[in-house]
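Chains as they are written, first to last, in my numbering: chain W, 1 to 402; chain Y, 1001 to 1402; chain Z, 2001 to 2402; chain P, 3001 to 3402. The C-beta atom is built at its ideal place from N, Cα and C for all residues, glycine as well. To keep things clear, I will list the structure first and then write my remarks on it.
There are 4 protein chains.
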Amino acid sequence: MKIVDAKVVVCSPGRNFATLKVITDEGAHGLGDATLNGRELAVASYLTDHVIPLLLGRDPSRIEDLWHELHKGAYWRGGPVTMSAIGAVDLALWDLKGKALDTPVHNLLGGAARRGVTVYGHANGTDVDAALDAARGYLDLGYEAVRLQCGVPGLDRTYGVGRGDLYYEPAQEGMPLQETWSTDAYLRMVPELFAAARDQLGWEVRLLHDVHHRLTPIEAARLGKSLEDYGLTWLEDAVPAELQEGFRLVRQHTTTPLAVGEVFNRITDCHTLITEQLIDYIRVTPAHIGGLTPLLRVAHLAELYHVRTGCHGPTDLSPVNLAASAHFGLAVHNFGLQEYMRHTPETDAVFPHAYTFADGMLHPGDAPGLGVDLDEDAAAAHPYRPAYLPVNRKLDGTVHSW
Amino acid sequence: MKIVDAKVVVCSPGRNFATLKVITDEGAHGLGDATLNGRELAVASYLTDHVIPLLLGRDPSRIEDLWHELHKGAYWRGGPVTMSAIGAVDLALWDLKGKALDTPVHNLLGGAARRGVTVYGHANGTDVDAALDAARGYLDLGYEAVRLQCGVPGLDRTYGVGRGDLYYEPAQEGMPLQETWSTDAYLRMVPELFAAARDQLGWEVRLLHDVHHRLTPIEAARLGKSLEDYGLTWLEDAVPAELQEGFRLVRQHTTTPLAVGEVFNRITDCHTLITEQLIDYIRVTPAHIGGLTPLLRVAHLAELYHVRTGCHGPTDLSPVNLAASAHFGLAVHNFGLQEYMRHTPETDAVFPHAYTFADGMLHPGDAPGLGVDLDEDAAAAHPYRPAYLPVNRKLDGTVHSW
Amino acid sequence: MKIVDAKVVVCSPGRNFATLKVITDEGAHGLGDATLNGRELAVASYLTDHVIPLLLGRDPSRIEDLWHELHKGAYWRGGPVTMSAIGAVDLALWDLKGKALDTPVHNLLGGAARRGVTVYGHANGTDVDAALDAARGYLDLGYEAVRLQCGVPGLDRTYGVGRGDLYYEPAQEGMPLQETWSTDAYLRMVPELFAAARDQLGWEVRLLHDVHHRLTPIEAARLGKSLEDYGLTWLEDAVPAELQEGFRLVRQHTTTPLAVGEVFNRITDCHTLITEQLIDYIRVTPAHIGGLTPLLRVAHLAELYHVRTGCHGPTDLSPVNLAASAHFGLAVHNFGLQEYMRHTPETDAVFPHAYTFADGMLHPGDAPGLGVDLDEDAAAAHPYRPAYLPVNRKLDGTVHSW
Amino acid sequence: MKIVDAKVVVCSPGRNFATLKVITDEGAHGLGDATLNGRELAVASYLTDHVIPLLLGRDPSRIEDLWHELHKGAYWRGGPVTMSAIGAVDLALWDLKGKALDTPVHNLLGGAARRGVTVYGHANGTDVDAALDAARGYLDLGYEAVRLQCGVPGLDRTYGVGRGDLYYEPAQEGMPLQETWSTDAYLRMVPELFAAARDQLGWEVRLLHDVHHRLTPIEAARLGKSLEDYGLTWLEDAVPAELQEGFRLVRQHTTTPLAVGEVFNRITDCHTLITEQLIDYIRVTPAHIGGLTPLLRVAHLAELYHVRTGCHGPTDLSPVNLAASAHFGLAVHNFGLQEYMRHTPETDAVFPHAYTFADGMLHPGDAPGLGVDLDEDAAAAHPYRPAYLPVNRKLDGTVHSW
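This is the structure we're talking about:
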């Protein structure tokens, strides 16, 4: 089997997706998600201009060899653009391997280790009541876990507060939205949100919260302590994690479980977090960590240190990535909890897929490979629309993590 | 697909092997190596009396699930007997998965990452000249690497000094052989052996040596330093490794590369050795670490820390285990060097196999699964013969590591 | 004195026990407990097929020499099967030595360091009230300490919740019982149990709780914190302990004392736990750690680091092991608290014994040796009945520690 | 002052360069080097499609603000493509600031701290004699320091061995060149090279060597020890540095000074290397670390820990980057040694520049800004030619670091 063609399809069925399609001489094709929200075309160029020529004529079954050739052969390693490109190739090759062997990818990863992949939904609201209403909506849909975010009094807009429906999308066309930030106001709000949540939603639902990298370690430590009475499943992205040892201080002060990883691109972005047991859930993304090949390494390292997995799974990655997360989550022993935002009907139409949601769980389905296809005609009807994620600034105008 | 039958076949075509055969309702069978040299029947009992009843009716494709059920479900975890039994199941299930998907196991592990698996041979001799003669024999056979062991002046018998042919087997029938030990005599001999080796064999051949757990850390540190001029590929089992931090002292004093692992049964037997970078080659065995499932975890951990793999591969494990080592070594990125002792013709007749040796390399072949079969009729002609590994004692009579 | 015969007796007077009987040319016999719950026949095979031939003709007084020969001479060291077999030999040899010198084993260990061995009982219940009722039953029997376990609302069956009498036995015939697990539900229940216990039972009774390896470090840390107000004597097996450093996080967050060790087989399974002072009680078992010989080493290391002993002592080990625990607990300086579950009358009939319970304490008695005998005729009336410990799965089907 | 236009110019005057040109409403323009060897168009896309729209209308004097907005505002941080793009912007803004104030950039960085920036040249040869001849050529040109690389006997091609003139360029058009690798052969060669060098070139010249990430820590430790007699100024890129703690082992065994950094993109890629004093020279590149803004932070951290700077400066970065290195090297206190490969005359024609070489030193000149211009007409005559860096494989076919 040889790769005879490959291309990147960029489309925008509600939001932008870049998809790598790898085609073999046997007529099979594999798909990989190459989406990097707000920087899609750079990944597309990395693939089209620099990687695809290297794939032609190669044996797609030699995933390990190709992965290391793309990784080490580029000389310049890591980072979101490079690893998203390599990740797209890796996912497409696993998809192809599954199809070549007529089996779902999860069977190649050791088979199902559970009935399905428990997910959580995003319950957002401009205030506490609205957030709890959103949470009830998820509970009605069968979710067992919800992430709660709500507006911060005094701030116009805040990360995680959407526009009122299931299809929240933070990126927007035109120039980046400007958000504002006050740590003091935020730290006062969050415990109130969770006190109300436990009061009104009870204790059966699992609750999560995403700090989105906006605190320092001591601030995150304070927040974690202030939430201990509410039994969170995790506090996410408490601190920007480029400096992994920055989590030591948070860890020292609170038993609130910690999750991080959606911006990581290499195992060395999290090996200290894991080996020092500074976190409880590692949330790397198949598409951004470089595919299933390195994702398994991260999961195996995490398993040794009592850290569970939970892939980043928002709608700014395509159904191809979500399917990969579902196959992975079904198969690895130390699966924890999967993020699941619903794609728009337009997106689902462009990416017909075998995975399904029921009873609070995703299941990847048993179609060969990843079980997702790309309707290129449908995709062509949704051309790329440049969009940016918001920029966040403190009240004094300082650029802050969004 | 369901498991409908399983049994353990114990035979002795030159030496004892225990083999697990798992049979499905589709008529396929998978093989796992359950051999534990000198303790074979305990593993056979573990499987026959306690594990096989749990397998009947189960879906063999769910390897991850079954592995953890056998591991955690036993309550009493780890150790050579338990993990050899679980390893036999795991190998048989990977063999079955490959056969079910009509593909060699190495393709399931990510495909070939190299042309073949470079091996080393055992060059043993009662004195330096005999050892170097044996080394030349391996070079004539195409080996690029040899492990050199030779008799220690003043000691009757020493580990690694065989009976003059390719089929060295340390276990023997009847009561255990009594060997004797003198660290002083040994530490004087080894540098002389390697000085002569470099003098007579030159520098193209890769040289290795096995201490076989018989030194303390400071003694091993001294030995490692005394061998630096001879550029060993590795010094093996320098110190008994139950206390992993025992390697720190060796590491601090010498740049001679260190290998260890043949007696390990769990990743926690080596995680400190790996994460502290105390070793350079991790030599765990597919059959004894619990199969390919945990072996991949060890390899992935090792890769992060610049540690290469090199499975233990003596003739006291069957061709089933050797095939697993070859599939694994072909597929993982951080493969180092594979031990390869030749099985006797009788053994090869009982275990027809797809792997081949050529040009200093093993290749697992492309037969579906592991590519090894069991000729039960041939096996039946070689009934079990109780045998023990030798016991080693210092000159004053103290029991010592063999 | 020479060993002239040895055999393993497997019987099931209520539950399965494997007992090693070693006989000397002087007509004395020593007994060792070789029971490994659910894997009994593998240990029996290890002894019968591989160890007993090595014992014949040997001087039973040379315990240290034989111990190291069995340990190092097997080459493959450690693990539950191997160390249970060696432990059975070691206990039998200490029993013989005591008989040869006509003195109880505790006298050989340095003599009694206290009046008796304080024990705790297992108070289990399907709900809080039932558990507290069971606790009152133990207090009525004179116990000063009870371990409290109770059912978790929403889960059908949970570890430690028996069938309503003193003779709780988790193993059952036929296929393993399937239990289910929810960490969230469990973490809500336990503080309520202990709040009720202190409220209703007062503060004179010492209270313990067994997590049975089912939490991650951060979950255990949270539990430990949530129990601080109730002054537990210990929280047992908070986290699976293969990764010893996993206890650091628990230790950092709570002053609730920690106990662990019942699944350990070697001193290197706990040396980090002890030297880093991560635990307060080391609960290894004489039979599973390899006998009294290594048990004393563990106790001595623990004493240096302010860690107390408390042998694992459930009914899935025979009266031989319980007697060894009692001799050990009477003699070592850093004794803490001994687990004591009552054997059934059938078991007591098979194993007539000198140890006695009174006033909340066990005393090993002053009979020579361990003070336990084996009535082989009675044993023969209770043939082996295969049984398994339960398998535990999370609500999503994932295999979990039981 | 406002940015009114910006564009990326890609040209290939001998090799490929990508250059960002930022134009203000006052008619000034600033230049930034956006070259990422072999992945140029991905950076160009990152800038053109995603970054340039954000620059229009912005005040170019607010470098700190724009830098953090591009870094944090992208959400996906770090890596070679992203940081090369941000680096190009940063360099262009510093160039503009210098021009706006009519002063050279080094004056903005605190002024000249020395007469000039001492450089080293690349002396390469297919064998030892050829390498030493090349070194003599550099000495004749006034260089005080040379990096020595030479062919490895038995290997066809090796990193650093060029085609015999000053203008060595490893990237080549068409598919990547395949190189081969043998650590054993390499480790034998290097000490011979440096023994000959000291013998023939004497001790006045400073000698360096680049391992180019091709060794494991223990191999690098051995090499470092074996070179101690030859007094190297530094051993470069001894080990792949994603795992920063991988340098501990090298450091422990040798006093040969260590340099690393050319593939780093963030300060967190080297903070452990610096704070643990594992290296002596930090060789990050202005263009790839994200510009002068983060480069100063790296230099300042390094100064605290006795680590000197030495920017990566090969010809696969344009004169814009080299000028930035020269301004930086002239100004920071802890400057060490600057790499200097000569660009081809065609490149110099496209990038007229103020920096000069004399007496073994570079001087950035005193032209305003960085002192480099872009002749767009000349650039247009050299259109982009796709090229790749080589891929390196071990003799068994395994992908290896190049």
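Shown in chain order are the members of the stretch 88-117 of chain W whose Cβ falls below 7 Å from a Cβ of chain Y: Leu101, Thr103, Asn107, Leu108, Gly110, Gly111, Ala112 and Ala113. Apart from sequence neighbours up to five positions away, the residues of its chain that approach Arg3385/P with a beta-carbon distance below 7 Å are Ser3012, Asn3016 and Glu3173, ordered along the chain. Taking 8 Å as the threshold, the shortest C-beta distance from Leu1304/Y to chain P falls below it. With a threshold of 8 Å between beta carbons, Thr2255/Z makes no contact with chain W. Restricting attention to Ala2349/Z, His2343/Z, Asp2359/Z and Gly2310/Z, the CA atom closest to the CA of Phe2335/Z is found in Gly2310/Z. Every beta strand (DSSP E) stretch that sits fully inside the stretch 3308-3366 of chain P and reaches 3 residues is listed by chain position as 3356-3358 and 3361-3363. The beta carbon of Leu2389/Z sits closer than 7 Å to the beta carbons of Asn2037, Gly2038, Pro2170, Ala2171, Pro2176 and Trp2402 from its chain, once the five residues preceding and following it are set aside; these are given in chain order.
In this structure, Leu3304/P keeps its C-beta atom at 8 Å or more from the C-beta atom of Asp3280/P. Assignment of Glu1179/Y by DSSP, reduced to helix, strand and coil, places it in the strand class.
Taking all protein chains in view, the Cβ of Leu3054/P is crowded by 16 or more other Cβ atoms within 10 Å, so the residue is classified as buried.
Val3089/P and Gly3032/P do touch by the CB rule: their CB atoms are close to 6 Å apart, below 8 Å. Taking the Cα positions, Arg1062/Y is about 46 Å away from Tyr3186/P. Less than 8 Å divides the Cβ of Leu1208/Y from the Cβ of Tyr1120/Y. Cβ-Cβ separation between Leu3249/P and Ile3218/P: approximately 6 Å, consistent with a contact (criterion under 8 Å). Non-local beta-carbon contacts of Val1043/Y in its own chain, meaning distances under 7 Å to residues more than five positions away in sequence, involve Ala1018, Ala1034, Leu1036, Val1081, Ser1084 and Ala1085 in chain order. A check of alpha carbon separations from Val2010/Z across Ala2381/Z, Thr2398/Z, Asn2392/Z and Lys2394/Z identifies Ala2381/Z as the nearest.
Residue Ala354/W holds the alpha-carbon nearest to the alpha-carbon of Gly365/W among Ala358/W, Ala354/W and Leu374/W. Counting of Cβ neighbours within 10 angstroms places Gln3200/P among the exposed residues, the total staying below 16.
It is roughly 28 Å from the alpha-carbon of His288/W to the alpha-carbon of Asp359/W. Nearest Cα to Leu2148/Z within the set Leu2096/Z, Ala2113/Z, Arg2188/Z and Arg2206/Z: Arg2206/Z. Annotation for Arg2393/Z: Gln2178, Thr2180, Trp2181, Val2399 and His2400 place their beta carbon closer than 7 Å to its own, counting only its chain and skipping 5 residues before and after. Here Trp1067/Y carries a helix assignment [DSSP, helix/strand/coil].
Close to chain P, meaning a Cβ-Cβ distance shorter than 8 Å, are the following residues of the stretch 1331-1352 of chain Y: His1333 and Phe1335. For Lys2072/Z, the secondary structure class from DSSP, reduced to helix, strand or coil, is helix. The three-state reading of DSSP puts Ile2086/Z in helix, counting H, G and I together. Here the alpha carbons of Val1004/Y and Asp1102/Y stand approximately 20 Å from one another. Closest in C-alpha terms to Arg3283/P, from the list Pro3294/P, His3271/P and Phe3264/P, comes Phe3264/P. Setting aside the 5 residues that flank it on each side, His2363/Z is surrounded in the same chain by Gly2116 and Thr2356, each with a C-beta closer than 6 Å to its C-beta; the list follows chain order. Contact annotation for Asp1280/Y against chain P: Thr3216, Pro3217, Ile3218 and Glu3219 [CB-CB distance below 9 Å, chain order].
If you look at Ala3044/P, you'll find it in the alpha helix (DSSP H) that goes Glu3040 to Ser3045.
DSSP places Leu208/W within a strand segment (E or B) once states are collapsed to three. Around the beta carbon of Arg3297/P, fewer than 16 other beta carbons lie within 10 angstroms, which makes this residue exposed. Residues of the stretch 1187-1208 of chain Y whose Cβ lies closer than 7 Å to any Cβ of chain P, in chain order: Trp1203 and Arg1206.
By a beta-carbon distance limit of 8 Å, Leu1215/Y does not contact Phe1247/Y. Their separation comes to about 11 Å. Judged by DSSP in its simplified three-state form, Phe1194/Y adopts helix. With respect to Leu109/W, His327/W sits close: the two C-beta atoms are nearer than 8 Å.
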